[in-house]
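Novice: I have a structure here, written as structure tokens, and I will follow up with some questions on it.
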Amino acid sequence: MLLILDYLGVAVFAATGALAASRRNLDLVAFGFFASVTGIGGGTLRDMMLGRLPVFWVQEPSYIAVCLAMALLVWFVAERLASRLTILLWADAIGMAGFAVMGAAVALSAGVGHGPAILMGVMTATFGGIIRDVIGGEPSVLLKKEIYVTAALAGSALYVGLSFFGVTLWPAATIGAGTAFVIRGGAIRYGWTLPTHTLPPRA
Amino acid sequence: MLLILDYLGVAVFAATGALAASRRNLDLVAFGFFASVTGIGGGTLRDMMLGRLPVFWVQEPSYIAVCLAMALLVWFVAERLASRLTILLWADAIGMAGFAVMGAAVALSAGVGHGPAILMGVMTATFGGIIRDVIGGEPSVLLKKEIYVTAALAGSALYVGLSFFGVTLWPAATIGAGTAFVIRGGAIRYGWTLPTHTLPPRA
Amino acid sequence: MLLILDYLGVAVFAATGALAASRRNLDLVAFGFFASVTGIGGGTLRDMMLGRLPVFWVQEPSYIAVCLAMALLVWFVAERLASRLTILLWADAIGMAGFAVMGAAVALSAGVGHGPAILMGVMTATFGGIIRDVIGGEPSVLLKKEIYVTAALAGSALYVGLSFFGVTLWPAATIGAGTAFVIRGGAIRYGWTLPTHTLPPRA
């Protein structure tokens, strides 16, 4: 189950990396590079911080194969997409939801406390997208007004909390990832925001 | 003593992260995320490079609590600040000074040689700010003309040098961090610079 | 032999870091910082992902000395250069070629499988330049139309493939790094590209 969430997260994040490459009109090898770095970025940071070394894709190369397959898929499909940015945002939402739970779950299984495990989930969920946006020269998705970090936090915290109260893996992961996705989906679809300061920007 | 410097560094860097979120008019959860990533970023990189894994905030979650407290503080205080950028710069200077010494001290205590320990101090001192600026989409503070890296280098090298000559922890750390702060403070207040090339830029 | 490739890669990447500092008219200490971070960045990421900790330059500080020497060299030479950008691009090509082989070779010697070793080579080869461009506020070299990742991939994959078929270190490394350099050189000199989509950008 967790393995499915993990591959799913890697695959859809990889797709967003390839879509970013597509929006820049790069070549197929660059598609593969962006897909790989985006797909495995969050999990790589998680493993480096936890000390699970070498990182996961070194021990299980099929993750790289998944990233390259997504790059190839996007390469052939991109021109038929009405809006690559819309697809990118929704795929990113799926990946973020999956990784928020996965990051927290891996941290818990490595003996990490509840608080740090939640933060680990949030960082795993956001870091792939940060790398993609930084390398791609796009403004980070975290700077948009629409809810993003909150969705990752909700998913990660829900999973950790449900696990703490004895809920088993499947329902806890489903509820956690589902909640993260619904919140982020609402932000994409209906522009959900949280209250912010009304200060003039950049003072 | 070092522990105080460390928490101080984390707290003020966290505040600069929250101020960066404030300048972007983000929501409270984003404040917490920016504060956490900026506050623990430098120490996380230091621990990952030294192999002190899992990284420090996994083993001591109170660091995250400090970051979240600073985010909350900035959230309620930001609108009363005349210039968030000025506060950000001065808090960044305090954090940089504390981390320049902390990074070097942790490296020395891990058995690292003097030269690498100095560089470790400089990288720990600068990395939190780099992450903050990169995620926040701001030009890096390292690109300004005013002295920055030099201050971190002076603090880190002074601490390592004084330790080498047998000076005990407290005076060495105070002199190191104090010097770094004074130099960076002069750069902020009086625009101190070092000589640069007078080449036309970007050729 | 590998040691020579490694020091060569660090030195020329350090030079590109110093050139980036020069193009921003920064001071000598910033030259040293940019040179160090760019020179050791790729290898540092490689070591952190493989778990070879502490990272290489902590155990062998002469790498830092090489970076600082290159910073000093660029400081005195930069004003006589007709175009710093051209030199930067060619030095970057040499460093990328060296690190594509080095990253893969270190990964193989650490017992990593062939697929992950190739990706490790590509990431080691590109990461120093990514850090340099991100900190320096330049658009990443990966976003240019001219071939870049493909050259690193060719060098890394050739080295791994030749090693797999029993070719000894020297010829395999020479062919791998040479091929990567020739491909990237052709991209710089003649604008070599791979086919890309002809989609409108940024949709």
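Residue numbers (numbering that gives the first Met the number 0), protein chains in the order written: chain A, 0 to 202; chain B, 0 to 202; chain C, 0 to 202. All C-beta atoms, glycine included, are put in the ideal place defined by N, C-alpha and C.
Please report the distance separating the alpha-carbon of Ala109 of chain B from that of Val57 of chain C.
Specialist: In a straight line, the C-alpha of Ala109 of chain B is about 11 Å away from that of Val57 of chain C.
Novice: Could you give the distance in angstroms between the alpha-carbon of Leu67 of chain A and the alpha-carbon of Gly185 of chain C?
Specialist: Roughly 26 Å separates the two Cα atoms.
Novice: For the alpha helix (DSSP H) containing Arg22 of chain C, name the first residue and the last one.
Specialist: Taken as a continuous stretch (DSSP letters only), the alpha helix (DSSP H) holding Arg22 of chain C covers 1 to 22.
Novice: If we ignore side chains and look at the alpha-carbon of each, how far apart do Val121 of chain B and Leu152 of chain B end up?
Specialist: Rounded to the nearest angstrom, the two C-alpha atoms are 6 Å apart.
Novice: Expressed to the nearest angstrom, what Euclidean distance is found between the alpha-carbon atoms of Arg45 of chain A and Met119 of chain A?
Specialist: Distance between the alpha carbons of Arg45 of chain A and Met119 of chain A: 7 Å.
Novice: With C-beta atoms as the reference, is Arg131 of chain B less than 9 Å away from Thr37 of chain B?
Specialist: Yes, these two residues count as a Cβ contact at 9 Å.
Novice: Excluding the 5 residues flanking Arg22 of chain A on each side, which residues of the same chain have their C-beta closer than 6 Å to its C-beta?
Specialist: Contacts found: Arg83.
Novice: Closest by CA to Gly50 of chain A, which one among A:Leu27, A:Val111, A:Leu4, A:Thr85?
Specialist: The residue with the shortest Cα to Cα distance from Gly50 of chain A is A:Val111.
Novice: Got a sec? Which residues, its chain only, sit under 7 Å from Leu4 of chain C by beta carbon, not counting five neighbours each side?
Specialist: These residues qualify, in order along the chain: Gly97, Val100, Met101, Ala172, Ala176.
Novice: If we ignore side chains and look at the alpha-carbon of each, how far apart do Pro194 of chain C and Thr125 of chain A end up?
Specialist: The alpha-carbon atoms of Pro194 of chain C and Thr125 of chain A are separated by roughly 32 Å.
Novice: Could you give the uninterrupted runs of the alpha helix (DSSP H) lying entirely in the stretch 108 to 182 of chain B, keeping only those of 4 residues or more?
Specialist: Whole alpha helix (DSSP H) segments, 4+ residues: 113 to 134, 148 to 163.
Novice: For Ala106 of chain A and Glu59 of chain A, I'd like the C-alpha separation in whole angstroms.
Specialist: Those two C-alpha atoms are separated by around 18 Å.
Novice: Under a three-way DSSP split, which group does Thr37 of chain B fall into?
Specialist: Helix.
Novice: How many Å lie between Trp191 of chain C and Gly136 of chain B at the Cα?
Specialist: Roughly 32 Å separates the two Cα atoms.
Novice: Apply the 10 Å Cβ neighbour rule to Ala29 of chain B and answer buried if 16 or more other Cβ atoms are within range, or exposed otherwise.
Specialist: Classification for Ala29 of chain B: buried.
Novice: Using 8 Å for Cβ pairs, my map puts Trp74 of chain A next to Leu27 of chain A. What's the rounded Cβ distance?
Specialist: Between Leu27 of chain A and Trp74 of chain A the Cβ distance is about 6 Å, and since that is below 8 Å, they are a contact.
Novice: For Thr195 of chain A, which residues does DSSP report across the bridge?
Specialist: Looking at the DSSP assignment, Thr195 of chain A forms a beta bridge with B:Asp26.
Novice: Closest to Gly128 of chain C by C-alpha separation, out of C:Val65, C:Thr43, C:Val166, would be which residue?
Specialist: If we check each option's Cα against that of Gly128 of chain C, C:Thr43 comes out closest.
Novice: Assign Ser35 of chain B to buried or exposed, taking buried as 16 or more other Cβ atoms, counted over all protein chains shown, within 10 Å of its Cβ.
Specialist: Looking at its Cβ environment, which holds 16 or more other Cβ atoms inside 10 Å, Ser35 of chain B is buried.
Novice: Would you mind telling me which residues of chain B sit closer than 7 Å to Val133 of chain A, beta carbon to beta carbon, in chain order?
Specialist: Neighbours of Val133 of chain A on chain B, chain order: Val133.
Novice: Which of the three DSSP states, helix, strand or coil, is assigned to Gly205 of chain A?
Specialist: Any answer about residue 205 of chain A is impossible in this case: the structure gives chain A only from 0 up to 202.
Novice: Give me, in chain order, the residues of the same chain whose beta-carbon lies closer than 8 Å to that of Phe33 of chain C; leave out the 5 immediate sequence neighbours on both sides.
Specialist: Correct list, in chain order: Gly16, Ala17, Ala19, Ala20, Leu25, Ala70, Arg131, Ile134, Gly135.
Novice: State the Cα-Cα distance for the pair Ile39 of chain B and Glu78 of chain A, rounded to the nearest angstrom.
Specialist: The straight-line gap from Cα to Cα measures roughly 42 Å.
Novice: Restricting to Cα atoms, I'd like to know which of C:Leu2, C:Ala116, C:Asp91 is closest to Gly160 of chain C.
Specialist: Ranking the options by Cα distance to Gly160 of chain C, first place goes to C:Ala116.
Novice: Which residues in chain C have a C-beta closer than 9 Å to the C-beta of Ser139 of chain B? List them in chain order.
Specialist: Simply Val133, Ile134, Gly135, Gly136.
Novice: Answer with buried or exposed for Pro138 of chain C, where buried requires no fewer than 16 other C-beta atoms within 10 angstroms of its C-beta.
Specialist: Looking at its Cβ environment, which holds fewer than 16 other Cβ atoms inside 10 Å, Pro138 of chain C is exposed.
Novice: Verify the contact flag: Leu84 of chain A, CB atom, against every heavy atom of the ligand GDP, threshold strictly below 8 Å.
Specialist: In the structure shown, the ligand GDP is absent, as is every other ligand, since no ligand is present at all.
Novice: What whole-angstrom Cβ distance do Phe180 of chain C and Ile93 of chain C have, given they're in contact under 8 Å?
Specialist: With a Cβ gap of about 6 Å, Phe180 of chain C and Ile93 of chain C count as contacting.
Novice: Determine the closest residue to Ala150 of chain C out of C:Thr123, C:Val11, C:Thr167, C:Leu72, with distance taken between C-alpha atoms.
Specialist: Among C:Thr123, C:Val11, C:Thr167, C:Leu72, the Cα nearest to that of Ala150 of chain C is on C:Thr123.
Novice: Could you check the C-alpha separation between Ser155 of chain C and Gly31 of chain C for me, to the nearest Å?
Specialist: C-alpha separation (whole angstroms): 29 Å.
Novice: Who are the neighbours of Gly112 of chain A on chain B, taking C-beta pairs under 9 Å?
Specialist: Per Cβ cutoff of 9 Å: Val57, Gln58, Pro60.
Novice: Quick one, are the C-beta atoms of Ala14 of chain C and Ile86 of chain C less than 9 Å apart?
Specialist: Yes. Within cutoff.
Novice: Between Leu52 of chain C and Met48 of chain B, is the Cβ-Cβ spacing less than 9 Å?
Specialist: It is a contact, given that the beta carbons lie within the stated cut-off.
Novice: Return the residues of the stretch 84 to 98 of chain C that lie within a Cβ-Cβ distance of less than 9 Å from chain B, sorted by chain order.
Specialist: From the stretch 84 to 98 of chain C, only Leu84 have a Cβ closer than 9 Å to chain B.
Novice: If Val65 of chain A sits next to Val9 of chain A, beta carbons under 8 Å apart, how far is it from one beta carbon to the other, in whole angstroms?
Specialist: About 6 Å; that satisfies the 8 Å criterion.
Novice: Using a Cβ-Cβ cutoff of less than 7 Å, which residues in the same chain neighbour Trp89 of chain C once the five nearest sequence positions on both sides are dropped?
Specialist: Only Ile187 meet the Cβ criterion.
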